Every structure is written in C-alpha cells, then in structure tokens.
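Below is one structure, written out as structure tokens, with a few remarks after it.
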Amino acid sequence: MTAATTTPGSAPRSVSRPIPRPSPLPRPRPSPVALDLGGRTALVTGAAGGIGRACAVRLAAAGAKVRAVDRDGEGLDALAAHSAGLGLAGAVEPEVLDLTDLDAAEAVAAGADILVNNAGLQLVRPIEEFPPDVFHTVLTVMLEAPFRLIRGALPHMYAQGWGRIVNISSVHGLRASAFKSAYVSAKHGLEGLSKTAALEGAPHGVTSVCVNPGYVRTPLLERQLADQAEAHSVAEDRVLAEVLLKDSAIKRLIEPEEVAEAVLYLCTPQASFITGTSLALDGGWTAH
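The sequence shown begins at 10 in our numbering and counts up one residue at a time.
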C-alpha cells in the first residue's frame with residue numbers, strides 16, 4: 010500500500026507502508042489416527058447381529074465400554090461370549106430392550122459418550138399392500154427411537170463437551186427403491202434428524218454423521234430375498250445380481266466389519282470436523 014505525502018514547494022512523493030496481515034486462525038495439528046477409546050462408553054442398538062454386532066465388537070476392541078442393546082436376548086448372550094473369546098470379557102454389557110418402548114430407549118442412552126443408532130427392520134411390499142401397523146413400527150424403531158436415544162444422550166455429551174452420534178442410515182437414505190416405503194421413509198427421516206443434531210451439537214463438541222452402506226451381508230438382507238423375488242417377479246437366486254447389486258459399480262455385498270471400521274473412525278479425535286453429512290459406503294451406487 011502506498012500513500013502520497015508532500016512538503017512545501019515539492020511534488021507529492023509516495024511512501025510505502027506494509028500491508029497489515031490478519032492473525033492466523035488456529036489450526037489442528039494432524040497426528041496418526043487414534044483408535045484408543047479407553048474411558049468412553051458406547052451404546053449400540055441392534056447389537057445382536059449384523060452391523061450392530063460388528064460395531065459393538067470393534068468399539069470394545071478399541072477400549073470402549075459397550076452397552077449392547079437389542080430385543081434378542083440370545084443374540085446378545087452370543088455377542089458377549091464372542092467378545093469374551095476375543096479377550097474382551099466385560100467390555101460388552103448386554104441390555105435386552107425393545108425400542109418401541111420409547112421411554113426406556115431414552116433412559117438407556119443416559120451417560121453415553123458414543124451413540125450408534127443401528128437397529129432396523131425391513132418389509133418389501135407395494136404401497137397399496139403395505140400393512141399400516143408395520144409402517145408405524147418401522148418408523149418407531151428406525152426414526153422415533155433414534156430421536157429419543159439422541160435426546161437421552163445429549164445432556165451428558167453437552168456437559169463434557171464431547172460426543173459422537175453415528176446413525177447407520179443406508180443408501181436408501183439417499184436414494185429410493187420400489188416396494189420399501191417404510192424403510193426409505195425412515196432412513197430419509199434419519200438423515201434429517203442427523204443433520205439437525207449436528208447443527209445443534211457443534212457448539213458443544215458433539216458430531217452427528219450418517220453412514221450409508223449399500224447391501225450388507227446380514228440376516229436382515231437374507232430374510233428379504235424371498236420378498237424381493239416376489240415383488241420383482243424374478244427367481245430368488247437371481248435377486249442378488251439383478252435387483253440388489255444392479256446399481257452398484259462394485260458387484261458384491263459389503264461386510265459388516267467394513268461398516269464398523271468407518272464407524273470407529275468417526276469416533277476418533279481426527280474426525281471432529283466431520284459432521285452433518287453422510288458417508289456413502291455403497292460401491293458406487295450414488296455415483297449414477
């Protein structure tokens with residue numbers, strides 16, 4: 010920057026002045042990803058099988074104390090035994106709970122540092138044949154219960170200035186498929202809930218993210234194959250290739266353990282800037 014100055018009887022001359030520089034903004038110092046969740050309490054719903062089971066085991070292996078919630082008591086016992094066999098005895102605490110009991114869902118989340126909303130159910134039917142009671146149950150378990158769980162967890166998270174909410178959404182939270190009105194509605198609603206929690210939680214050190222896998226090798230998937238075959242009028246042995254993986258660039262199912270690794274990363278200090286978004290693990294489905 011220059012400025013003109015004059016003296017009596019002389020022509021103006023320019024004087025150089027340094028351009029003021031703003032103070033640098035603080036920046037985080039990158040470090041290796043920390044996978045140590047020692048001292049943290051994690052709550053995982055739908056933990057008796059599939060993605061929930063994989064997340065419970067992975068978070069426990071990273072040092073978290075895991076409250077494993079499911080209505081399947083036998084599945085939770087098997088999870089606890091499996092964890093003990095991995096040297097994680099006592100790290101997974103089974104909690105038998107039906108998430109349609111919304112007051113109990115909110116209460117069980119109190120004191121959680123990490124919340125993984127995973128529980129879900131599926132029915133494949135055309136809208137005109139879809140049972141209204143099942144539609145209601147799907148939205149209760151997959152949208153209203155996550156709201157109540159987040160509501161129960163936030164006071165503790167806010168008080169300590171740290172928290173992680175990971176919502177297991179789906180590619181169906183970003184794209185629709187025919188014959189899945191309840192599931193798609195619930196997942197689209199979960200996306201909105203997650204974003205709202207991210208905006209409200211940001212000043213308190215709490216992040217909220219959706220993880221959006223494509224079709225995962227789980228019992229939930231296996232149970233819908235016959236319904237998919239009927240709805241799409243194809244043989245059951247052709248459902249995987251012709252229906253489920255039709256829009257995926259990578260022609261395979263994703264494994265629950267792959268989803269669990271993404272969930273774990275989102276719980277690390279290095280993921281503190283990832284919030285209010287959706288992490289697609291869909292094999293390229295949403296690239297279309």
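We put the CB at the ideal spot given by N, CA and C, even for glycine.
These figures come from a predicted structure and were not determined experimentally.
Query raised in the report: Taking only runs of the alpha helix (DSSP H) that begin and end inside the segment 189–266, which ones reach a length of at least 4 residues, in chain order?
Result: Counting whole runs of 4 or more residues, the segment 189–266 contains the alpha helix (DSSP H) stretches 190–210 and 228–241.
Report task. Figure out for me which residue from Pro-135, Arg-226 and Leu-132 has the closest Cα to the Cα of Arg-62. Result -> Arg-226
**Report entry** Whole-angstrom C-beta distance between Leu-88 and Ala-8, which should lie under 8 Å
**Finding:** Here the chain has residues from 10 to 297 only, and residue 8 is not among them.
Query raised in the report: Sorted by chain position, which residues of the same chain lie with C-beta nearer than 6 Å to Ser-287's C-beta, five sequence neighbours on each side aside?
Result: Cys-219 and Asn-221
Query - Asn-126 - partner residues in DSSP beta bridges - result: Asn-126 pairs with Asn-176.
Query raised in the report: Quick one: is Gly-94 buried, meaning 16 or more other Cβ sit within 10 Å of its Cβ, or exposed?
Result: exposed
**Report entry** Other residues of its chain near Ala-191: CB distance less than 7 Å, five sequence neighbours each side excluded
**Finding:** Leu-132, Phe-139, Val-143, Phe-144, Val-147 and Leu-148
Query raised in the report: Can you find a heavy atom of the ligand FMN that lies under 8 Å from the Cβ of Leu-148?
Result: In the structure shown, the ligand FMN is absent, as is every other ligand, since no ligand is present at all.
Requested in this report: Count the other C-beta atoms from every protein chain shown that fall within 10 angstroms of the C-beta of Thr-11, then say buried if there are 16 or more, exposed otherwise.
Outcome: The predicted position of Thr-11 is uncertain, since its pLDDT is 49 and thus under 50; a value taken from the coordinates is nonetheless stated next. Exposed.
Query - C-alpha gap between Asp-112 and Ala-296, whole angstroms - result: 40 Å
Query raised in the report: What does a CB cutoff of less than 7 Å around Ala-57 pick up in its chain, not counting 5 residues either side in sequence?
Result: Asp-79, Asp-81, Gly-84, Leu-85 and Leu-88
Report task. Please report how far the alpha carbon of Pro-212 lies from the alpha carbon of Gly-285, in whole angstroms. Result -> Using only the alpha carbons, I get a separation of about 13 Å.
Query - Candidates Val-117, Leu-106, Val-105 and Asp-107: closest to Thr-50 by CA position - result: Val-117
Query - Where Thr-149 sits in the DSSP three-state scheme - result: helix
Report task. Closer than 7 Å by C-beta to Ala-100: which residues in its own chain qualify, once you throw out the five before and the five after it? Chain order, please. Result -> Correct list, in chain order: Ala-69, Lys-74, Val-75 and Ser-92.
Requested in this report: Measure the alpha-carbon distance for Lys-204 versus Val-175 and round it to whole angstroms.
Outcome: 11 Å
Requested in this report: Excluding the 5 residues preceding and the 5 following Glu-153 in the sequence, name in chain order all residues of the same chain whose CB lies nearer than 7 Å to its CB.
Outcome: Leu-111
**Report entry** Paired residues, beta bridge with Thr-295 - DSSP
**Finding:** Thr-295 has no beta-bridge partner at all, per DSSP.
Query raised in the report: Whose C-beta lies closer than 6 Å to the C-beta of Val-243 among residues of the same chain, with five residues either side of it excluded?
Result: Glu-251
**Report entry** Pro-103 - containing beta strand (DSSP E), residue span
**Finding:** Pro-103: member of the beta strand (DSSP E) spanning 101–105, first to last residue.
Query - Under 9 Å between C-beta atoms of Gly-182 and Gly-210 - result: No, these two residues do not count as a Cβ contact at 9 Å.
Query raised in the report: Got a sec? Which residues, its chain only, sit under 8 Å from Arg-67 by beta carbon, not counting five neighbours each side?
Result: Taken in chain order, the residues that qualify are Glu-266, Ala-269, Glu-270, Val-272 and Leu-273.
Requested in this report: Identify which residue in Gly-96, Gly-48 and Asp-107 has its Cα closest to the Cα of Ala-77.
Outcome: Asp-107
Query - CB contact flag (Met-166, Ala-121, <9 Å) - result: Taking a C-beta distance under 9 Å as the contact criterion, Met-166 and Ala-121 qualify as a contact pair.
Query - Residue closest to Pro-135, alpha-carbon to alpha-carbon, out of Ala-238, Pro-228, Gly-129 and Gly-223 - result: Ala-238
Query raised in the report: Mind checking whether Leu-130 and Leu-229 have CB atoms under 9 Å apart?
Result: yes
Query raised in the report: Where does Ala-289 fall in DSSP's three states?
Result: strand
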